[in-house]
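Under our numbering, think of the first position of the sequence shown as 46, with each following residue one higher.
Notes follow the structure.
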Amino acid sequence: MEVDSVFYTDRSGRVTSNPLLDQLPSYQSLLYRRKSSGGTKRRNSSRSRIGSSNSGKWAVGTLNRHGEKQKNQMEHRPIRELTKTIAEKRRDKELRRQEDGALNSWRQWRQSTFRYLRRLQDNIHDWMTSLQLWRSDIHLIEGMFGTGILSYFSFLRFLVMLNLIIFTLMFSFVLLPIIISPHASGNITYNLDDGGVCSVYPSSARRGLVIFHQHITDLLSGGGFLEQTYLFYGYYMADKIHFSKIIYNLPLAYLLVTVAYLFLSLIWIVKRSATGFKRSLVQDEDRFQSFCNKIFAGWDFCITNGNAAKLKRSSLLYELKTDLEEERIKQKIADRTRKEKCRIYLIRFILNLFVIAVLAGCFYSIYIATIFSQEAQMKEVKENFIVDLIYEYLPSIVITVANFITPLLFSVIINYEDYSPAFEIRFTLIRCVFMRLTSIGVLLFSLWSQITTCKEEPCVCGYNHLLYSCWETRVGQEMYKLTIFDFIIIVSVTIFVEFPRKLIVKYCNCGLAKWWGQQEFGIPQNVLEIVYGQTICWIGTFYSPMLPAICTIKYFFIFYIKKVSLMKNCRPATRPFRASSSNFFFLGVLLIGLSLACVPVIVSVAQINCSQACGPFVNYTTSWEVLPSAISQLPSWLQTLLSILSSEAFAVTFFVCTCLAMFYVIALAGAHKRVIKQLRDQLAMEGRDKHFLIQKLCQAQKLSAVTSPGSRSQRCSSRSSPSYHTSFSNNFPEGVFLAHPPPDTSTHV
């Protein structure tokens, strides 16, 4: 039998009782747990101790294996990367040289090759890091304002790279074949069938002498000379492109690229959010630990700017006050009477009805503005440049005004609903997200109500061909206008609002200017702006293949606009969103925007009839029909395989397997979380055991100092720490440590 490493044993190896060690907090906790689970007897104490010892040895073995793994990794690392002195590095280099000399030629070659590949990998990683977009700018922002604002600019860089990759897909598989097709050894097959009135697509290009401001209107609205270009769906009116050796199916490529960029966006967002999810999976929700994290680990040591340091201090104080306020509100909620509960629920019900009424009014205004704008654009007689431009941008103006007014209204309403401060922020942001993203859905619903409604039902072409001969291009123009108008609003607010406000606050000494204060850089509000723009990009890419390139350029300029505004005009918010979950929140909102963007694209691909006068799907009723048509031309064995993969039996089997895998992962995560909790409890218990034993040791030394020289008493007092002295009712004499002599092996406390 193994000797216990914690408790004393007799000569036969049996664990015996000790009056001191029986009072250890860990042993008392173990007895309490066993009693609560059904009772225990004194004879089970040795078994419990042995079990505790074995579990401790298992943990020590795990730590030893982990240490050996780290040691092996350190041995393979370059000597210059080791945190050692020059003399130690030279000694290690000489030892490695001797070890290499003792090896045979094959092992020497393997080790040298491994080190060379490792060095090459590190060099490539360093080179790729140096090529990272805005690397120095982001380091500068991090150094001046900390990691909270850094998360916004990192998120903006992620959207730039995402849009660039989406545009690369669209350009490679849709635009490039059309561009190089005139130089190929073949021609492009267009839809040459006579479709009657449905195939008529009148040109919107202006003829004759064109006034200058009309070009500006076309540039801002996407009409006129821009309508029948690579920018919009209607220009790609090709069925198959014949090259020298292959026939390129453009409609199939167009559909598959649409599915690919949506799926790629989903995978990339989930991958980036996995890091935050892993952290939240093992994060302890204990309130005490939350206070400790803020007090001992809440400071951002990347901050070098004095004003930013003051604001960071204010934000930490605000978070502590917020936590205390949450505790006060929890206590207040627990002490509420039935009458107070009824009153507050009634107030919340009335205010939520008011919020719903405001949202309904905004959505109805967007619907009316969209219909009015579409009807005004169909008029042949134009009034003047300004009025025509307002008609073009009327839906965008209404959406922007609604997005500006409703957050202010929501922030006032939330004060009367008596929520906790943290929940107030989250609930207000949820309302703002719902308003911004749903407004796009209302705009598309308004357009489709116009597209699918005819004076004589049912529609001859399946859609209103009189108003929308190419309805996909019209939807693409609306998404294009929303993108351009959103960029104009961001630039205008920076130049005409934030910059004058900075000048007024800086040079005006009146009390109103001091009360107004400098513009705050609100991270959640700025994130909602770019998520709103990215949702428009996802929806509009199907109708305007060049829109990802426009969004890439837009976000590229927004980065510098926001950077200059942050440096010159704004300051970090004194009441910021909690930075610990900011990245996960950003990606969560972006995932909601992607889900909303998939709905109109799926509906237009699978339900609404394609335009018969433009686009690559002129030979199909709906865009989705190109996929079954392409599958029917494949070999029979491949058709059988695809039919099996798309059958209900395979779908049900795949769903069941996915659910089982998900349940396994959830159970594994729960097991890991329980192990982490047990290890934390074990660490805390070992700390209390050490504290208990040190205190008893000092008490025994003080009692023995009565018969010992004065120097020994002085040594005890010098070694003991005031933090070790706590109140215990029992004082054991020194002989209690000698009641059972220690075994031959050494013991560890």
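Built from N, CA and C at the ideal position, the CB exists for glycine as well.
No experiment lies behind these values; they were computed from the predicted model shown.
- No residue range can be given for histidine 510, since it is assigned to no alpha helix (DSSP H) and is classified by DSSP as neither H nor E.
- In the DSSP secondary-structure assignment, glutamate 565 is bridged to Arg616.
- Nearest to isoleucine 470 by alpha-carbon distance, out of Cys555, Gly567, Leu489 and Cys553, is Gly567.
- Looking at the DSSP output, asparagine 294 shares a beta bridge with Lys285.
- The alpha-carbon of isoleucine 535 is positioned some 22 Å away from that of isoleucine 637.
- Judged by DSSP secondary structure, lysine 718 falls within the alpha helix (DSSP H) whose first and last residues are 693-749.
- The same chain holds no residue with a CB closer than 6 Å to that of phenylalanine 630 once the five nearest residues on each side in sequence are set aside.
- For aspartate 368, the secondary structure class from DSSP, reduced to helix, strand or coil, is helix.
- In this structure, glutamine 564 sits away from leucine 635, with a CB-CB distance that is not shorter than 8 Å.
- If you draw a straight line from the Cα of isoleucine 186 to the Cα of isoleucine 312, it is about 29 Å long.
- Contact between tryptophan 583 and leucine 632 fails: their C-beta atoms lie close to 15 Å from each other, not under 8 Å.
- Closest by C-alpha distance to glycine 660, out of Tyr246, Tyr161 and Met206, is Tyr246.
- The segment 607-617 and the segment 217-227 do not touch, with fewer than three beta-carbon pairs separated by less than 8 Å.
- When secondary structure is reduced to three states using DSSP, alanine 658 falls in the coil class, being assigned neither helix nor strand.
- Counting only the Cα atoms, alanine 353 lies some 44 Å from threonine 415.
- Residue Ile431 holds the alpha-carbon nearest to the alpha-carbon of glutamine 259 among Ile431, Tyr278, Ile340 and Arg136.
- The residue among Ile444, Glu462 and Ile496 with its C-alpha nearest the C-alpha of threonine 483 is Ile444.
- A distance below 8 Å separates the beta carbons of methionine 215 and proline 590.
- By the Cβ-count criterion, arginine 202 is buried, with 16 or more other Cβ atoms from all chains shown falling within 10 Å of its own Cβ.
- Leaving aside the five residues that flank leucine 592 on each side, the residues in its chain whose CB is nearer than 7 Å to its CB run, in chain order, Met524, Tyr525, Thr528, Cys582, Gly585 and Thr586.
- Counting the other CB atoms within 10 Å of its CB gives alanine 132 a total below 16, which places it among the exposed residues.
- Residue burial annotation: leucine 439 is buried, with at least 16 other C-beta atoms found within 10 angstroms of its C-beta.
- In the three-state scheme derived from DSSP, where H, G and I count as helix and E and B as strand, aspartate 171 is classed as helix.
- Each of Leu492, Ser441, Leu404 and Leu489 was checked against the Cα of threonine 451, and the nearest Cα belongs to Leu404.
- In this structure, tyrosine 293 sits away from glycine 521, with a CB-CB distance that is not shorter than 8 Å.
- In the three-state reduction of the DSSP assignment, lysine 526 falls in the helix class, which pools H, G and I.
- For valine 400, the enclosing alpha helix (DSSP H) starts and ends at 383-422.
- Sequence-distant partners of asparagine 448 (beyond 5 residues in either direction) whose C-beta falls short of 6 Å from its own C-beta, in its chain, are Arg481.
- Nearest in C-alpha terms to isoleucine 533, of all of Leu474, Gly507, Ser441 and Thr498, is Ser441.
- For the segment 434-501, there is no continuous beta strand (DSSP E) assignment of 3+ residues that stays within its boundaries.
- If you look at tyrosine 552, you'll find it in the alpha helix (DSSP H) that goes 544-552.
- If you draw a straight line from the Cα of methionine 173 to the Cα of glycine 269, it is about 43 Å long.
- With 16 or more neighbouring CB atoms inside 10 Å of its own CB, tyrosine 280 falls in the buried class.
- Of the candidates Tyr552, Thr349 and Leu209, the residue whose Cα lies closest to the Cα of tyrosine 306 is Leu209.
- Counting other Cβ atoms within 10 Å of its Cβ, isoleucine 261 stays below 16 and is therefore classed as exposed.
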